[in-house]
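Visitor: Shown below is the structure under consideration.
Numbering (my numbering), first residue to last: 1 to 119.
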């Protein structure tokens, strides 16, 4: 049985200034069998006062309201590189990752998905 998996960029690596919010690309999973998501938050030489939170958000269609599926907050340690991972089931229609909540310093964020396309 052939398995097809597709790598998806949800958020390319980018710096997010203190107090700003970065929404990743919305991924349509309506025809997928699920997705594993990994998010990375990297602090600079001076860590933020409050750590950045990565929020996995889901919605039912392209026009529905986003709802929190899962979230995690990175530490405030200088130069910390923090990875988070979540499994998104086949029942989810659309997903994205939002990074927000950090204060004091910019952080670098990124998120990638491993989509299970077919079995």
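A virtual CB, placed ideally from N, CA and C, is assigned to each residue, including glycine.
1) Quick check: what's the CA-CA separation for residue 47 versus residue 119?
2) Around the Cβ of residue 19, are there at least 16 other Cβ atoms within 10 angstroms (buried) or fewer (exposed)?
3) Quick check: the Cα distance between residue 3 and residue 33, rounded to an integer number of angstroms?
4) Taking the beta carbon of residue 96 as the centre, do at least 16 other beta carbons fall within 10 Å, making it buried, or is it exposed?
5) May I ask you to report which of helix, strand or coil DSSP gives residue 71?
6) Is DSSP giving residue 22 helix, strand or coil here?
7) If I follow the unbroken beta strand (DSSP E) through residue 101, where does it start and stop?
Guide: Quick look at the numbers:
1) 43 Å
2) exposed
3) 11 Å
4) buried
5) strand
6) strand
7) Counting along the chain, residue 101 falls outside any beta strand (DSSP E), and DSSP gives it neither H nor E.
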